Amino acid sequence: LVDVAHRIKLVSIMVSTSKNNFFSKKLSICGCYVKWKYKNMLKTLTMLKKVIRCLVKVFQFILFLFRKQARQIIQRQVITYENINLNAISMQRLAITGRKILVLDLDETLIHSHHDGIVRPMVKPGTPPDFILRVTIDRHPVRFFVYKRPHVDYFLSIVSRWFDLVIFTASMEVYGSAVADRLDQGRGMLNRRYYRQHCTIDYGGYTKDISSVSSDLSSVCILDNSPGAYRLFPDNAIPIKSWFTDPTDIELLKLLPFLDSLRFCVDVRSILSRSSLNNLASR
Numbered sequence: 001l002v003d004v005a006h007r008i009k010l011v012s013i014m015v016s017t018s019k020n021n022f023f024s025k026k027l028s029i030c031g032c033y034v035k036w037k038y039k040n041m042l043k044t045l046t047m048l049k050k051v052i053r054c055l056v057k058v059f060q061f062i063l064f065l066f067r068k069q070a071r072q073i074i075q076r077q078v079i080t081y082e083n084i085n086l087n088a089i090s091m092q093r094l095a096i097t098g099r100k101i102l103v104l105d106l107d108e109t110l111i112h113s114h115h116d117g118i119v120r121p122m123v124k125p126g127t128p129p130d131f132i133l134r135v136t137i138d139r140h141p142v143r144f145f146v147y148k149r150p151h152v153d154y155f156l157s158i159v160s161r162w163f164d165l166v167i168f169t170a171s172m173e174v175y176g177s178a179v180a181d182r183l184d185q186g187r188g189m190l191n192r193r194y195y196r197q198h199c200t201i202d203y204g205g206y207t208k209d210i211s212s213v214s215s216d217l218s219s220v221c222i223l224d225n226s227p228g229a230y231r232l233f234p235d236n237a238i239p240i241k242s243w244f245t246d247p248t249d250i251e252l253l254k255l256l257p258f259l260d261s262l263r264f265c266v267d268v269r270s271i272l273s274r275s276s277l278n279n280l281a282s283r
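Numbering (the UniProt record's numbering), first residue to last: 1 to 283.
Okay, structure coming up:
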């Protein structure tokens with residue numbers, strides 16, 4: 001009986017040991033499977049991240065091309081302002097009234113720009129500039145990314161037939177001169193230029209003395225987005241909304257009929273001093 005009991009005990013120990021070995025092997029196999037599964041998941045996630053990054057870059061590139069193409073399409077739209085041949089009476093009136101001077105501001109009126117390291121919140125990331133200027137300011141090279149207001153080239157080509165154009169900007173000469181050169185494109189329309197050194201500091205801002213352009217203020221008007229710039233000459237001002245990068249802007253085109261009519265008056269102040277017409281021009 002003792003021998004039988006001993007054998008039974010040995011058998012139970014062997015069974016218990018085999019069970020433990022079986023479960024340990026099973027646990028080991030399960031552990032290996034979990035590790036393999038985890039590694040596969042990590043690889044899948046890594047690949048998925050790479051794919052998402054590639055897709056984001058492709059989307060950004062497509063968006064960049066779309067914005068650039070959209071701006072080119074808008075700029076290349078055929079826009080015409082009917083140039084009616086003047087009759088003898090109109091020609092005679094123009095000869096009597098004389099050719100007027102149109103003073104033009106640059107920043108936020110004809111163009112918008114920002115330089116290295118400065119990105120304005122109103123400029124959408126990825127919007128390509130029309131041109132890049134490289135100038136030296138205080139012995140430091142600076143790049144300016146310049147955006148032209150929609151239809152500015154057409155606007156300048158039309159109004160240069162009616163007025164003597166003058167650039168008057170509160171910007172530094174090294175920058176303003178380079179911008180004016182790019183807008184002029186060798187056409188000789190913007191030869192007269194005034195810069196920051198020709199402005200006066202008033203109430204913390206720059207005021208433009210248009211009497212330095214011409215002593216005959218009856219024949220001078222200024223197009224500027226900043227009321228402070230023409231504070232001393234409100235009756236000579238044509239306000240315009242500030243522009244940053246809206247590709248659908250047509251403010252310059254809307255001014256053409258008004259400017260076409262303005263050149264026939266004897267004194268521009270007789271028209272521009274009227275607040276209703278002044279507001280009409282600004283809209």
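Using N, Cα and C, we set each Cβ at its ideal position, and we do this for glycine too. As the structure is a computational prediction, the values presented were derived from the model and not from experiment.
Per-residue DSSP class, three states only, for residue i
i	result
valine 266	coil
arginine 143	strand
alanine 170	coil
glycine 228	helix
aspartate 202	strand
lysine 43	helix
Separation of residue j from residue i, as counted between CA atoms
i	j	result
arginine 143	alanine 95	45 Å
isoleucine 210	alanine 88	32 Å
valine 220	arginine 193	15 Å
phenylalanine 258	valine 179	26 Å
leucine 272	isoleucine 137	38 Å
lysine 49	leucine 55	10 Å
aspartate 235	tyrosine 154	27 Å
phenylalanine 233	arginine 53	56 Å
aspartate 107	serine 90	35 Å
aspartate 116	proline 227	28 Å
serine 218	threonine 248	34 Å
serine 261	isoleucine 240	17 Å
proline 141	tyrosine 195	20 Å
valine 174	arginine 139	12 Å
Neighbourhood of residue i by C-beta distance below 6 Å, restricted to the same chain and skipping five residues each side
i	result
valine 266	Thr97
arginine 134	Arg143
Neighbourhood of residue i by C-beta, 8 Å cutoff - its chain only, sequence neighbours within 5 removed
i	result
arginine 93	Phe264
Inter-residue CB distance, residue i and residue j (contact presumed, cutoff 8 Å)
i	j	result
leucine 223	isoleucine 158	Wrong, their Cβ atoms sit about 13 Å apart, outside the cutoff.
phenylalanine 163	lysine 100	5 Å
asparagine 225	aspartate 105	6 Å
arginine 231	aspartate 202	7 Å
Nonlocal neighbours in the same chain, by C-beta distance under 7 Å from residue i, ignoring five residues either side
i	result
methionine 189	Leu156, Ser160, Leu165
serine 242	Glu108, Asn225
Exercise for the section: Pair every Cβ in the stretch 141-151 with every Cβ in the stretch 99-115, then say whether three or more of these pairs are closer than 8 Å. Expected result: A contact exists between the stretch 141-151 and the stretch 99-115.
Exercise for the section: Could you say if the stretch 154-171 and the stretch 190-208 meet the contact criterion of at least three C-beta pairs nearer than 8 Å? Expected result: Flag = yes, the stretch 154-171 and the stretch 190-208 touch.
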